[in-house]
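**Student:** In my numbering, the protein residues as written are 20 to 492.
All residues carry an ideal CB built from backbone N, CA and C; glycine is no exception.
Have a look at this one before I ask anything.
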């Protein structure tokens, strides 16, 4: 158990009282205590040529970390640093005693350090929009440890992520895509199915639960952190058990009879060791976890995606998460992530689904890495927008370009809502610009050209799953 997660349950009980003092007991979010959902304007059928949307979720990379030097994109090779307090400035070499700019160092995809990327770290790094506090946070994912100094100021050697650059060159690279919340993986994955983590009219979940698994299968004493509306005050152990009743895209899809599936991975090694061992955002959604959909719509292997394509059973909407070793997560001693993503794109492109599918590839959070582009204002009350992450959009109906449109995770949900006339969840999806801006559905369907990669699909079909959680922060 990580030191940051070691908590006294008596302290949790005491701190749980904080929410009563700041807005009342936690109650399930609904349209009556949050943003009202807008009415649906169409049926579940669609005349759009896009009839399948695949959301590929990778881990923990900022835009500048992967695309700092990409031609035509809003990248940079220098970063701003803030002056460090004298008491800790000497811990860096050289000491950072004055605000300045430093060059980003070229680095490797494999290895690296899992830097601070929780909400408090986000605020420090953001520094009111100056984007110069990345040297001030801790070296570990939860913010503990010695200061990061210049560790966040790096970008991956483009040769090591060539499939990503090839996808960008052939299709769309969206260079102004921001997280919904300035938070870590648990909330990021919730944002990609729900558009936010609002649990009452005045509170939303932020950061990660106190222990694993993240969801309804967690041990009974696990709690969450919450952020309060208007004040943005975080109450670290005052949130509810991570088994939520707020609506997700699944509710809108089911209501219209639109098929969906979450291609998850099975985990069976510490620090998990509890529950069903399925790493899926829907484990935290009570209506899915305790229904037949947990068995029919949430897979036990992400490789089922390839089986479903081969068997012509690809659902209309799908999410797919990687094995830990294929996730791009910092500190993983693996370079297979780009090939994993290329395998997904190639599987779609070589199938009859090519002319009816959009593949959206994004990274769930910034992983603590430097990015120079400040999130757009006004900030949302759920602790965001978060920092910029890469997003790639692959379709027969896009022209190769860099899309400078301001997107958030809700923009992906917005596209799905519009294609199938689902209405809205009334969360951050409602305020987000749809990524439909990147498409030209009137153009002739493009012929697919395979993405070359170091590791072929057969490598992933035959390698032993790691059994590890793709992200513990």
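Tell me which same chain residues have a C-beta within less than 8 Å of the C-beta of residue 190, skipping the five on either side of it?
**Tutor:** Result list for residue 190: 411, 412, 413, 414, 417, 419, in chain order.
**Student:** Kindly give me the distance between the Cβ atoms of residue 76 and residue 383, rounded to whole angstroms, as I take these residues to be in contact under 8 Å.
**Tutor:** Correct: roughly 6 Å between the Cβ atoms.
**Student:** Would you identify the three-state DSSP class for residue 432, choosing helix, strand or coil?
**Tutor:** Reduced to three states, the DSSP call for residue 432 is helix.
**Student:** Since residue 267 is in the alpha helix (DSSP H), which residue starts that stretch and which ends it?
**Tutor:** Premise fails: residue 267 is in no alpha helix (DSSP H) and is neither H nor E.
**Student:** My assumption, with CB atoms under 8 Å, is that residue 474 sits in contact with residue 171. Please give the rounded CB distance.
**Tutor:** At roughly 28 Å, the Cβ-Cβ gap does not stay under 8 Å, so residue 474 and residue 171 are not in contact.
**Student:** Decide if residue 479 is buried, meaning its Cβ has at least 16 other Cβ atoms within 10 Å, or exposed.
**Tutor:** Residue 479 comes out buried.
**Student:** Taking buried to mean at least 16 other C-beta atoms within 10 Å of its own C-beta, is residue 464 buried or exposed?
**Tutor:** Burial call: exposed.
**Student:** Any heavy atom of the ligand MG closer than 6 Å to the Cβ of residue 445?
**Tutor:** As for the ligand MG, it is missing from this structure, which has no ligand bound.
**Student:** Assign residue 399 to one of two classes, buried (16 or more other C-beta atoms within 10 Å of its C-beta) or exposed (fewer than that).
**Tutor:** Per the 10 Å Cβ criterion, buried.
**Student:** Going by the DSSP bridge assignment, what does residue 338 pair with across the sheet?
**Tutor:** For residue 338, which the question treats as bridged, DSSP gives the partners 74, 281.
**Student:** Taking only the alpha-carbon atoms, compute the straight-line gap between residue 113 and residue 187 and give it to the nearest angstrom.
**Tutor:** C-alpha separation (whole angstroms): 36 Å.
**Student:** Give every residue of the same chain whose Cβ lies closer than 6 Å to the Cβ of residue 338, excluding the five residues on either side of it in the sequence, and list them in chain order.
**Tutor:** 74, 281.
**Student:** So what's residue 447 in DSSP terms, helix, strand or just coil?
**Tutor:** Looking at residue 447 - three-state DSSP - the assignment turns out to be helix.
**Student:** What are the start and end residues of the beta strand (DSSP E) that includes residue 407?
**Tutor:** Its beta strand (DSSP E) spans residues 407-414.
**Student:** Alpha carbons only, please: which of 123, 344, 302 is nearest the one belonging to residue 129?
**Tutor:** Closest by alpha carbon: 344.
**Student:** Leaving aside the five residues before and after residue 323 along the sequence, list all residues of the same chain whose C-beta is less than 7 Å from its C-beta, in chain order.
**Tutor:** 282.
**Student:** Comparing alpha-carbon positions, which option in 117, 159, 123, 375 lies nearest residue 137?
**Tutor:** The shortest C-alpha separation from residue 137 is found at 159.
**Student:** In three-state terms, what does DSSP make of residue 126?
**Tutor:** Strand at residue 126.
**Student:** Under a Cβ-count criterion, where at least 16 other Cβ atoms within 10 Å of its own Cβ denotes burial, should residue 462 be classed as buried or exposed?
**Tutor:** So residue 462 ends up on the exposed side.
**Student:** Helix, strand or coil for residue 206 per DSSP?
**Tutor:** Helix.
**Student:** To test your reading of the DSSP string, which unbroken beta strand (DSSP E) runs of 3 or more residues are found completely within the region 94-171?
**Tutor:** DSSP runs (the beta strand (DSSP E)) wholly in the region 94-171: 97-100, 119-122, 124-126.
**Student:** Please go through the same chain and pick out, in chain order, the residues whose beta-carbon is closer than 6 Å to the beta-carbon of residue 421, but skip the five residues on each side of it.
**Tutor:** Result list for residue 421: 91, 92, 192, 194, in chain order.
**Student:** Just list the beta strand (DSSP E) runs in the region 312-361, keeping only unbroken ones of 3 residues or longer that don't cross its boundaries, in chain order.
**Tutor:** Counting whole runs of 3 or more residues, the region 312-361 contains the beta strand (DSSP E) stretches 336-339.
**Student:** Out of curiosity, what's the CA-to-CA distance linking residue 27 and residue 232?
**Tutor:** Bear in mind that the predicted position of residue 27 carries a pLDDT of just 33, short of 50, making it unreliable; the figure below should be weighed with that in mind. When rounded, the distance between both Cα atoms is 19 Å.
**Student:** Here's the rule: buried if 16 or more other CB atoms are within 10 angstroms of the residue's CB, otherwise exposed. What is residue 477?
**Tutor:** Exposed: under 16 other Cβ atoms inside 10 Å.
**Student:** To which residues does DSSP link residue 174 through a beta bridge?
**Tutor:** Answer is 125.
**Student:** List the residues that DSSP assigns as beta-bridge partners of residue 246.
**Tutor:** DSSP output for residue 246 lists 223, 253 as bridge partner(s).
**Student:** With 16 as the cutoff for other CB atoms within 10 Å, does residue 157 come out buried or exposed?
**Tutor:** Its Cβ being crowded by 16 or more others within 10 Å, residue 157 is buried.
**Student:** One question on the structure: do residue 72 and residue 377 come within less than 7 Å of each other, judged by their Cβ atoms?
**Tutor:** Contact: yes.
**Student:** Please report the distance separating the alpha-carbon of residue 380 from that of residue 360.
**Tutor:** Rounded to whole angstroms, residue 380 to residue 360 spans 8 Å at the Cα level.
**Student:** Please work out which residues of its chain come closer than 8 Å, Cβ to Cβ, to residue 118, disregarding the five sequence neighbours upstream and downstream, and give them in chain order.
**Tutor:** The residues are 99, 100, 101, 102, 151.
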